[in-house]
Each structure stands twice: as C-alpha cells, then as structure tokens.
Amino acid sequence: MTQPSTIAILSGVGFDVRSVRDDFPALHQEVHGKPLVYLDSAATTLKPQTVIDTVSDVYARDCSNIHRAVHLLSQRATARYEDAREKVRSFLNAKSSIEVIFTRGTTESINLVAQSWARTFLQEGDEVLVTELEHHSNIVPWQIVCQQVGAELIIVPMTDRGEILREAFEERLSSRTRLVAMAHVSNALGTVLPVEELIELAHEKGAVVLLDGAQAVSHISVDVQALDCDFYAFSGHKLYGPTGVGVLYGRERLLEEMPPYQGGGDMIRSVTFAETIYNDLPYKFEAGTPNIAGVIGLGAAIDYFTSLDLDAVHAHESAVLRYTTKALESVSGLRLIGTAPGKVAAASFLMDPVHPHDIGTIVDSEGVAIRTGHHCAQPVMEHFGIAATARASLGMYNTTEDIDALVRALHKVQELFG
Ligand code: C6P
143 MTQPSTIAIL SGVGFDVRSV RDDFPALHQE VHGKPLVYLD SAATTLKPQT VIDTVSDVYA
203 RDCSNIHRAV HLLSQRATAR YEDAREKVRS FLNAKSSIEV IFTRGTTESI NLVAQSWART
263 FLQEGDEVLV TELEHHSNIV PWQIVCQQVG AELIIVPMTD RGEILREAFE ERLSSRTRLV
323 AMAHVSNALG TVLPVEELIE LAHEKGAVVL LDGAQAVSHI SVDVQALDCD FYAFSGHKLY
383 GPTGVGVLYG RERLLEEMPP YQGGGDMIRS VTFAETIYND LPYKFEAGTP NIAGVIGLGA
443 AIDYFTSLDL DAVHAHESAV LRYTTKALES VSGLRLIGTA PGKVAAASFL MDPVHPHDIG
503 TIVDSEGVAI RTGHHCAQPV MEHFGIAATA RASLGMYNTT EDIDALVRAL HKVQELFG
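The numbers in our numbering rise by one with no breaks, and the one at position 98 of the sequence shown is 240.
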C-alpha cells in the first residue's frame, strides 16, 4: 500500500505536531524497550507539561481550601479556581459562569442531572430517550432514576455502521419524552451524532436534552448556545487535563429550579436544625471541598488547548484518522467496527479468531498502547454480536508514524496466530 508520508499530511493541514509532542513528557519514554506509541486517548489523554506544572504549583504555593478563609493562600486558590470556571465558560461559550458546575467527571455530571432534575420532575408514564451507542455512564443513571419514578427508558437503535439516524430518533420521540440523553461522540465507535437536528426535534416535543460530551470536547468545537442543549457533560482528563475533575454545563433556568444533588459544606447559605437555605448557583451543586488543584489544572489544559489553532488540530486528527482507517483496512483479516461517515478519533476493530485482549497484549509488547474490551458500551457490543473490540484512539499528538507502528505490531499478531 502506498501511503503519503507523515510530513506531507502534517504540512497539508499546517499543524506542528512535533512541537506539540514536545509538550507531553509521557510520550518520550520507552515501554518494553520500545518507544511508546500512545493510542488510548479516548480512555484518557496524556497531559502537557503546563498542566503537570500547574497542579504541582497549586500544591506547592497555593495549597489551601477555597471560599472559606480570609488568608492570602485561600484567596489565591479561590481566585485560581474561579478563573478556571470562567475558562470553561468561555470554552463552551456558556452565557454565564454560574452555569458551569465542577464535578468529578462526566459520570458524576450525568448522575447529578438524573438525581436532581430527573428524580424531581419525572413521573410515572414519562419517557427518557437514550441511544443504543451510549457509554454505561449515560445509560445506568437513567435506568436508576426511571426505576425510582416509574418512567420508561426508550432506546433509539443505531445502524450497522454505528449511526443514529433522524428517522429512528423521530420514531421513538413522543409527547411523553421528557428527557433525551445522548452522546455527542461515541467512545466505542467514534460516531459523531447529528446532535443539532436531534436537539431541535427533542425541543419541539418539549423535552430537555443532555449531551454526553466526554469524547467530543477534544475533537469538535463545542458551543452550548449554538447547540441549544440544556445540559452538557465532560471530563477534564479527556481534554488533556487532570483526572477526577469534570464539568456539568446547565441552562441557568433549569439549574435554578433543581434541588441540590448532595448536601454539605459550601452549598449552603445558612443552616439551622429547623431550616437550611441553599447557596446560589453554581455553589448549590458543589458540596464539600472540591478537587481544587484538578479544577485549576483543567483551566491550564483549556489554556493550552485553546492556544493552538483548533481548526488545524481537528484537521490534523481527521487526516490521521483517514490514514488509520486505510492502514487498518490493509491488514488482512481485520474488520472495522463502526464505519459511520464523519467519525472522529477512534477505530475499533477485530481480527478473528484472535481475542481483542490478545491483540492488546501483543501490541503492548511492541510499545503500542491501545484499549481492548467492551469500552463500557456493552449494548454496542451486543448490537454487533461480539464481546469486545480492540480500539485505537487518537489525540492531537498522534502521527501517521504511530499508525505505522500499530500496523507493524498487528502483523506480529498475525505471525503469532498464524
Ligand atoms: N470512556 C473510554 O475508554 P468518566 O469516567 O466519568 O471520565 O467518563 C465516562 C464516559 C462517559 N461517556 C463517554 C462517551 C465516555 O467515553 C466515557 C469514558 C472511557 O472510552 C473510559 S470507559
């Protein structure tokens, strides 16, 4: 197979991947005696030095609790924490920073909406719509709340290419649909959902829409006002930021009418045994000491990410994904799972009869890190009648050379399994 050189692809989109790679120390190591090729960014992205330094600096200089003390360290930590909120607001183009709630990650953001909004406002006979390609984090919280209130979970099926089509969505939508919860991008397949038109359809029926943006934020520009979504959830660690920190964007009107998700410090204005008055947004939803260094580190990740030309980043990733698809198709006996047009950043595949875990182990011994398993999306696996896939997923630092290394490692798999 003739493939364009890395340099040709990279100069074609004007993105300096070499300089970006220099910013990520984890890339510059050997595993099993081979240079690391990291193709597992959908699980978590690597962190640039500036994020690592920022988190370390918070603990070294400004280690203090926030919103609680008058001393200087606390004031500095509080200012940096609230600066990060403004950075997230601007990144998502939310109207106001009070619409930005810090959580532990996408999972907690979705559970917050399920247990606060849905548990309060849904009742027996109501319907919650999810799609067949959701991550478990966007299925189980809805199952729990549907059981609690007697609502029904309705599933929009996907096609064999892994697409969610408007017609299938419209068919399942009804006047009983109170909430639509769907991925912006599928983690197992890389499918980008046509969320703009689906949100419009859902709103016509009066439903509230939550987007699971875990796999979208680092690959697609997100503008919550343009999308007109009601809730948007994402994790910092998939956006080159720290683990243990995430975001729930919520429309102010909805957040105002929602009860707190958890009770504790900082989410109250006053407490007596007779009555507790809750704090204003966004603090009403941030009970207890938050992941202060993580939030500030997420702010640093957003600064780093948005300092790049994001159109060029996205074009680079598309070019590498196109190269990946072609390269994998050239491996005999390899079957791609998920072939929706316009997909981003992930290629799931099988090499029957080799089990995906064996593929993962063998390519790891060649220095190539991929993920294998059901990717916390078992209904997707069920659709294809399989238990697991091998998944190569991309970050902005990946190159076509990484993909060449993956293909060489897959040839080793073939050699070993005859
Ligand atoms: N997907 C993957 O390897 P947390 O764990 O809360 O940061 O994110 C959960 C989550 C929710 N939605 C989608 C679409 C996701 O991809 C994920 C995390 C990782 O695909 C780990 S399972």
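Here a beta-carbon is modelled for each residue, glycine too, at the ideal position from N, C-alpha and C. Everything numeric in this text was worked out from a predicted model, so none of it was measured.
- The three-state reading of DSSP puts Glu172 in strand, counting E and B together.
- The beta carbon of Gln520 sits no closer than 7 Å to any heavy atom of ligand 1.
- Taking the Cα positions, His517 is about 30 Å away from Arg393.
- Within the same chain, Cβ atoms closer than 8 Å to the Cβ of Asp422 are found at Ile240 and Arg411, the five residues on either side in sequence being excluded.
- Ranked by Cα distance from Glu338, the first of Lys347, His326 and Ala349 is His326.
- Bounds of the beta strand (DSSP E) holding Ile479 are Arg477 to Ile479.
- Under the DSSP definition of a beta bridge, Val270 partners with Leu295 and Leu321.
- Take the alpha-carbon of Ile341 and the one of Ile479: they are about 26 Å apart.
- Rounded to whole angstroms, Arg395 and Val173 show a C-alpha spacing of 50 Å.
- Sixteen is the threshold: when 16 or more other Cβ atoms of the shown chains lie within 10 Å of the Cβ of Glu269, as they do, the residue is buried.
- Buried is the label assigned to Ile545, since at least 16 other Cβ atoms lie within 10 Å of its Cβ.
- Put simply, of Glu524, Leu558 and Asp451 the residue whose alpha carbon is nearest the alpha carbon of Val159 is Asp451.
- Within 7 Å of the C-beta of Asn329 there is at least one heavy atom belonging to ligand 1.
- If you draw a straight line from the Cα of Ala323 to the Cα of Gly388, it is about 17 Å long.
- With a threshold of 7 Å, the Cβ atom of Asn280 counts as near ligand 1, since some heavy atom of the ligand is closer than that.
- Under the 10 Å beta carbon count, Asp182 is surrounded by 16 or more other beta carbons and is classified as buried.
- Assignment of beta-bridge partners to Pro498 by DSSP yields no partner.
- Boundaries cannot be given for Leu450, as no alpha helix (DSSP H) includes it and DSSP labels it neither H nor E.
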